[in-house]
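Encoded as structure tokens, the structure appears first; notes follow it.
Number of protein chains: 2
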Amino acid sequence: MRLTRSGDYAVRCLLYLALDPGRGVVARKEIAEVMNIPAQYLGKVAQTLAKAGLIGIRQGARGGYELARTAGEISLLQVVEAVDGEIFLNDCLHQLDICERRPVCAVHRVWGRARKQLRDMLGGISLAALVEEESRTAGKVCGECPATRGQTLEGKGE
Amino acid sequence: MRLTRSGDYAVRCLLYLALDPGRGVVARKEIAEVMNIPAQYLGKVAQTLAKAGLIGIRQGARGGYELARTAGEISLLQVVEAVDGEIFLNDCLHQLDICERRPVCAVHRVWGRARKQLRDMLGGISLAALVEEESRTAGKVCGECPATRGQTLEGKGE
DNA sequence: ACATATCGGACACGATTTGTCCTATATCGG
DNA sequence: CCGATATAGGACAAATCGTGTCCGATATGT
Ligand code: FES
Ligand code: FES
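Chain order of the listed sequences is B and X.
Every number in our numbering is 259 more than the matching position in the first sequence, counting from 1.
Every number in our numbering is 259 more than the matching position in the second sequence, counting from 1.
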């Protein structure tokens with residue numbers, strides 16, 4: 260029950276592209292270095308993102324990637340599902356022949372609700388909102404998330 | 260981003276045990292047959308569930324499984340996490356050394372919120388609630404979930 | 001034309017998932 | 001106590017998936 264690395268990379272990549280909108284095409288190599296993504300692997304992910312219509316790709320010299328839409332029009336859900344596939348949580352929700360219990364089963368109905376709730380939340384968050392939140396909290400340690408709890412920013416200047 | 264088969268099996272197994280509370284120990288073979296679970300595999304899942312304190316196991320002749328607590332005291336979240344591990348969604352939430360972005364990153368904060376929302380929902384649903392919902396909707400086709408949408412119960416008597 | 005940079009398929013490798021098999025061990029009933 | 005029953009628990013197997021690299025082909029800017 261976790262996001263794959265590919266999905267994580269996709270989000271990071273898109274987030275970087277959303278950082279300064281007017282910039283145009285950004286080289287894959289730059290994105291990969293700044294965002295700590297294996298460059299070749301990012302290529303694969305980018306192809307998927309391009310097929311989903313989230314980024315545009317320019318080949319050849321001075322090539323690279325750019326957002327295909329504005330950062331406000333791309334939701335986290337779109338990014339994740341483009342790369343990892345549609346979120347279903349429970350197999351019984353789309354693998355219709357997998358289970359005999361369907362006519363009587365309350366379980367997948369619960370998963371259906373959970374799924375909707377999760378997708379609604381991710382769908383409601385745009386890249387623009389992420390960028391805005393990052394800049395708003397820049398330099399502050401986030402107290403609500405376990406990752407930064409109790410840390411300081413000493414020596415984290417990089 | 261999906262529940263594993265093991266998790267699905269665990270839910271089915273516990274749900275079956277919750278169906279009639281006063282029954283005592285139920286043979287693994289029976290559970291496996293009724294719920295369409297490979298019997299040996301169910302054994303593995305059951306051991307995990309037992310370690311988590313969700314079921315009790317009786318070995319030997321007339322052995323089998325039974326709920327270790329009442330159906331109202333076991334939540335879907337407990338079942339799923341016992342088998343599939345704690346739900347994290349994003350690696351950055353628990354793999355603290357995986358990512359350099361942590362001090363500035365808004366992404367994992369969003370995942371943190373999504374995670375809490377999902378776990379809260381699953382944690383709020385008990386086996387008893389599931390059983391009640393199943394009996395309440397017995398014989399009716401569920402319109403809200405994709406699995407049964409547009410179907411009828413004709414020929415689904417089994 | 002040449003240098004640059006992505007495409008896209010093939011491939012490698014480890015981890016995870018999903019099972020099965022087999023022997024040991026525990027329990028019940030007589 | 002004996003024998004039948006039924007799970008424990010480790011080993012093992014196969015398939016799938018996730019993650020990443022390599023390389024020739026292709027597209028683009030100068
Ligand atoms: S339809 Fe398969 S568990 Fe509900
Ligand atoms: S901390 Fe890794 S992406 Fe946010």
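Ideal placement from N, C-alpha and C gives every residue a C-beta, glycine not left out.
For residue 290/B, which of helix, strand or coil comes out of DSSP?
-> helix
What residues in the stretch 261 to 273 of chain X have a beta carbon less than 9 Å from any beta carbon of chain B?
261, 262, 263, 264, 266, 267, 270, 271
Query - Residues of its chain near residue 384/X, where Cβ-Cβ distance is below 7 Å and the 5 sequence neighbours each way are ignored - result: 334, 335
Exercise for review: Give a yes or no on whether the C-beta atoms belonging to residue 286/X and residue 380/B are separated by under 7 Å.
Suggested key: no
| said: Would you say the beta carbon of residue 367/B is closer than 6 Å to some non-hydrogen atom of ligand 1? | reply: yes
Decide yes or no for the touch test of the stretch 357 to 364 of chain X against the stretch 313 to 331 of chain X: beta carbon pairs closer than 8 Å, at least 3 of them.
-> no
Query raised in the report: Cβ of residue 275/X within 7 Å of Cβ of residue 294/X?
Result: yes
- prompt: Between which two residues does the alpha helix (DSSP H) containing residue 368/X stretch?
  reply: 366 to 382
- Nearest CA to the CA of residue 319/B: which residue from 284/B, 346/B, 309/B? 284/B
Spatial distance of residue 305/B from residue 382/B (CA atoms): 20 Å
inquiry  = For a contact defined as C-beta to C-beta under 9 Å, what are the partners of residue 396/X on chain B?
reply    = 363, 365, 368
Q) Quick one, which of 322/B, 307/B, 387/B has its alpha-carbon nearest residue 269/B's? A) 307/B
Exercise. Quick one: give me the first and last residue of the beta strand (DSSP E) that residue 317/X is part of.
Key: 314 to 317
Under 8 Å between beta-carbons, which chain B residues line up against residue 314/X? List them in chain order, please. Per Cβ cutoff of 8 Å: no residues; residue 314/X is ~17 Å from chain B at best.
Could you name the residues of the same chain whose beta carbon sits closer than 7 Å to that of residue 288/B, not counting the 5 residues immediately before and after it, in chain order? 298
Fill in: Identified DSSP bridge partners for residue 261/B
348/X
Beta-carbon proximity check, residue 386/X vs residue 330/X, cutoff 7 Å
yes
*asked:* To the nearest angstrom, how far is the alpha carbon of residue 392/B from that of residue 292/X?
replied: 52 Å
Q | For residue 324/B: DSSP bridge partner residues | A | 285/B, 316/B
Exercise. Look up residue 334/B in the DSSP assignment and give the residues it is bridged to.
Key: 385/B
Check: Taking the alpha carbon of residue 337/X as the point to measure from, which residue in 350/X, 264/X, 367/X, 273/X has its own alpha carbon closest?
Finding: 273/X
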